[in-house]
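Chains as they are written, first to last, in our numbering: chain A, 1 to 186; chain B, 1001 to 1186; chain C, 2001 to 2243. Cβ coordinates follow ideal geometry from the N, Cα and C atoms, glycine included.
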Amino acid sequence: MAPGLKEVIEALVFVSLEPLSLEKIKETLTDHPPDEIEKNLRELIGDYQAPGRGISIIQSGGGYVFTTRREFDPWVRRFLKIDRKSKLTPASLETLSIIAYHQPITLSEISALRNVDSSYTVKTLLEKRLIKITGRKKSPGNPLIYRTTDRFLTTFGLNSLDELPTEEEIARILGEDKTDEEKESS
Amino acid sequence: MAPGLKEVIEALVFVSLEPLSLEKIKETLTDHPPDEIEKNLRELIGDYQAPGRGISIIQSGGGYVFTTRREFDPWVRRFLKIDRKSKLTPASLETLSIIAYHQPITLSEISALRNVDSSYTVKTLLEKRLIKITGRKKSPGNPLIYRTTDRFLTTFGLNSLDELPTEEEIARILGEDKTDEEKESS
Amino acid sequence: METTESYQVRLEIFEGPLDLLLFLIRKKKIDIQNIPIAVIAREYLDYLNRKEQINLDREAEFVLMAALLIHIKSQMLLPREEPLLEGEDPRRFLVNQLVEYQKIKVACALLKEREEEQLALWTRETLPLLPKPGEPDLAEVSLFDLAETFFLLMKRKEKENFRVVRGKSYSLEEKMKDIIGALEREKVLDFLEYFSRQETLEGAIVSFFSLLELIRARLVIAIQEQLFQTIKVWLRRESPVRP
């Protein structure tokens, strides 16, 4: 094992404000074999999982990032004098889910799926940088199209869009609901 | 020793936006005796002084703050260079937006619009190949004229410059608040 | 007051007509693939009736859905010579929409759990200490950032009373006359609207500078109460009358 490699990785994850991808670590440390880097990264994450730590490294948004540990949330909030981090409103969450699953998507397609004019929530999501405009659709009127951002991924602790709840998961939950209802009515 | 106190302090130093003073820690953790807090803080700092760490806690600016270790500075700098290469500063973004909407445009026209000498940002954008020189203007001094590149289009997901969001579209998105307020107050 | 309240009712309880419909279907334990449209239409109308005030602006989507339900109901009551084929069921479109919406609702619930988890984790928001002061913060930008930056820049320029005239196709004088003309007809001009009506970007920019010239020449009064809000323009008379 190259001496100091784990420490270098620790320093890099720390200076990166955004989740640091494995590719970027490898790109920076070209003089180390990729498998050495991966091994040391795993060790580093392991070190932080040991008891007695206030911070840890999580994988989110396609990379690695330092965060405080969940159990210290009350103290952090007391310290920062923040009651609660603001949650998304149901309307925003609904619109965001639609964009996440149907991207790239236009405003009128979003509104059609929700059956509600969604321009206001789309604007809010743009402002929160959870979605972005990425071009135009080749269709009459050439409407702007929207996609989710990397910030969307980190907000939900996802590494990529592939980690969104799958059709099967959704179907299973819908199925469970149904059997519950049947039980109730029987 | 109070269990978890060291970890809480670690989490607080980590999230603090400025060097965290001992007083502030004591203010937050009023349910712990001050000498316990001091003892745990010292232990925490000691933990990070052990070999094999890439970051440490130093005393600076009237408080305690995380920093990367001096010996990893070369790697950190190399990383930041790679990390920042792919991004734009606010100044670059401003300059790029002017070129996008006003092309073909000369350097002095850009500088006039920004009220700032823009030769440095123009140079950066040229290096990033987001803009290119396409000739000279037939005017006194024959200044060079700039245009955006195909790479600019792909970066922003556009097929052609006609697809840039129009004033109407941006106004509509940014102006949504207004109509809502009007509706509500009516 | 009522408007705000009904708006909140809608926001907090039902995100939209599909949400309400789904609620009624679940409450009645109805199979989504085979909705008894007469029953559900009655339930839906009952709900709308129970709400004391329905603001048509805000609740237009709910009313539209009621109309759709009644329409489907009438279609289903029409006597037919031959029974409907599966694909011709007038409920088909609505059912498809509901099925898709139901999936989104589940996805929402799952994402909400994940959001909750993430809310308890705190990341650092400041750049770590480095021996030399860093460059300004960099950010990845989207097309929206690009466009927004430009238009905000243009707005800033306007405040600086800066005059840039590009392109020969637009004359400042003509635009100024145009604005004055519009003001004489309409008394008050919503500048954002006027600005949006311009066919080209250059036309829009020139209209901005024309407005500036008019303000500078003390021919008009322009007021913008807040950033992003529209600018209202009045002709200046001896004693300007503000509405």
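Euclidean distance between Cα positions of residue i and residue j
| i | j | result |
| --- | --- | --- |
| K2155(C) | Q1103(B) | 19 Å |
| I2032(C) | L2024(C) | 11 Å |
| T1068(B) | G1157(B) | 37 Å |
| G1052(B) | E7(A) | 6 Å |
| S111(A) | I170(A) | 22 Å |
| R2242(C) | V2233(C) | Confidence is the limiting factor: at R2242(C) the pLDDT is only 38, short of 50, which leaves the residue's position unreliable, though a coordinate-based value still follows. Taking the straight line joining both Cα atoms gives about 10 Å. |
| A2066(C) | D1162(B) | 41 Å |
| K1138(B) | S1108(B) | 14 Å |
| Y120(A) | A100(A) | 17 Å |
| Q2075(C) | D2089(C) | 9 Å |
| Y2047(C) | E2113(C) | 30 Å |
| L1093(B) | I105(A) | 25 Å |
| E2186(C) | L125(A) | 36 Å |
| L1044(B) | A1091(B) | 41 Å |
| T166(A) | I2215(C) | 58 Å |
| L2069(C) | V2106(C) | 24 Å |
| E2135(C) | K1123(B) | Unreliable positioning characterises E2135(C) in this predicted model, as indicated by a pLDDT of 43, which lies under 50. The coordinate reading is nonetheless provided below. Their Cα atoms are separated by approximately 17 Å. |
| L2235(C) | L2219(C) | 6 Å |
| L2110(C) | R2042(C) | 32 Å |
| E1010(B) | D1047(B) | 11 Å |
| A1050(B) | G62(A) | 30 Å |
| K2028(C) | K87(A) | 31 Å |
Closer than 8 Å at the beta carbon, the chain B residues around residue i
| i | result |
| --- | --- |
| G135(A) | F1156, G1157, L1158, N1159, E1163 |
| A11(A) | G1054, I1055, T1068, R1069, F1072, W1075, V1076 |
| S109(A) | According to the sequence shown, residue 109(A) is Glu rather than Ser. None at all; the shortest Cβ gap to chain B is about 16 Å. |
Residue i at chain A interface by Cβ criterion, 8 Å
| i | result |
| --- | --- |
| V2106(C) | yes |
| M1001(B) | Summary for M1001(B): the model assigns pLDDT 42, below 50, so the residue's position carries little reliability; its value from the coordinates is reported in the next sentence. For M1001(B), the answer is no, since every Cβ of chain A falls outside 8 Å of its Cβ. |
| E2015(C) | yes |
| K2132(C) | Confidence is the limiting factor: at K2132(C) the pLDDT is only 41, short of 50, which leaves the residue's position unreliable and the question unanswerable from this model. |
| E2225(C) | Bear in mind that a pLDDT of 48 at E2225(C), under 50, signals an unreliable position, so the model cannot answer this. |
| Y2044(C) | no |
| Y2047(C) | no |
| I1082(B) | yes |
| E2135(C) | In this predicted model, E2135(C) has a pLDDT of only 43, less than 50, meaning its place in the structure is not dependable; the value taken from the coordinates is given anyway. Taking Cβ atoms only, chain A never reaches closer than 8 Å to E2135(C), which makes this a no. |
| E2059(C) | no |
| Q2102(C) | yes |
| L2069(C) | no |
CB contact below 8 Å: residue i versus chain C
| i | result |
| --- | --- |
| E1007(B) | no |
| I173(A) | yes |
| I1131(B) | no |
| I1170(B) | yes |
| R42(A) | no |
| E1167(B) | yes |
| P90(A) | yes |
| L20(A) | no |
| V122(A) | no |
Below-8 Å beta-carbon distance, residue i vs any chain B residue
| i | result |
| --- | --- |
| F2150(C) | yes |
| E2125(C) | yes |
| L125(A) | no |
| F152(A) | no |
| K87(A) | no |
| K203(A) | Only positions 1 to 186 of chain A appear in the structure, and residue 203(A) is not among them; the question remains open. |
| T148(A) | no |
| T28(A) | yes |
| N115(A) | no |
Within chain B, partners of residue i - CB distance below 9 Å
| i | result |
| --- | --- |
| W2122(C) | A1011, F1014, V1015 |
Nearest-angstrom beta carbon gap, residue j and residue i [assumed within contact, 8 Å]
| i | j | result |
| --- | --- | --- |
| L96(A) | Q2102(C) | Rounded, the Cβ-Cβ distance is 17 Å, inconsistent with contact. |
| T148(A) | I133(A) | No, T148(A) and I133(A) are not in contact; Cβ-Cβ is about 12 Å, not under 8 Å. |
| I55(A) | Y64(A) | 13 Å between Cβ atoms; not a contact. |
| L2098(C) | L2021(C) | 7 Å |
| I2030(C) | I2040(C) | 7 Å |
| H1032(B) | L1005(B) | 6 Å |
| K26(A) | I37(A) | 6 Å |
Neighbouring residues, chain A, relative to residue i (Cβ below 7 Å)
| i | result |
| --- | --- |
| R2091(C) | Near R2091(C) there are no residues of chain A at all, since even the closest Cβ is about 15 Å away, more than 7 Å. |
Interface partners of residue i on chain C, CB under 9 Å
| i | result |
| --- | --- |
| I45(A) | Neighbours of I45(A) on chain C: none; closest Cβ ~15 Å, over 9 Å. |
Residues that residue i contacts on chain C, provided the C-beta gap is smaller than 8 Å
| i | result |
| --- | --- |
| I58(A) | L2121 |
Proximal residues of chain A, C-beta to C-beta of residue i below 9 Å
| i | result |
| --- | --- |
| K2155(C) | Going along chain A, no residue has its Cβ under 9 Å from K2155(C), so there is no contact; the nearest lies around 17 Å. |
Chain A contact residues for residue i, given Cβ-Cβ distances below 8 Å
| i | result |
| --- | --- |
| Q2118(C) | S60, T154, T155, F156, G157 |
| L2219(C) | Those within 8 Å of L2219(C) in chain A number zero; the least Cβ separation is about 35 Å. |
Proximal chain F residues relative to residue i, where beta-carbon distance stays under 8 Å
| i | result |
| --- | --- |
| R2114(C) | Among the chains of the structure shown, chain F does not appear; the protein chains present are A, B and C. |
_Selection of the region 1093-1107 of chain B by Cβ proximity to chain C, strictly under 9 Å_ = L1093, E1094, L1096, S1097, I1098, A1100, Y1101, H1102, I1105
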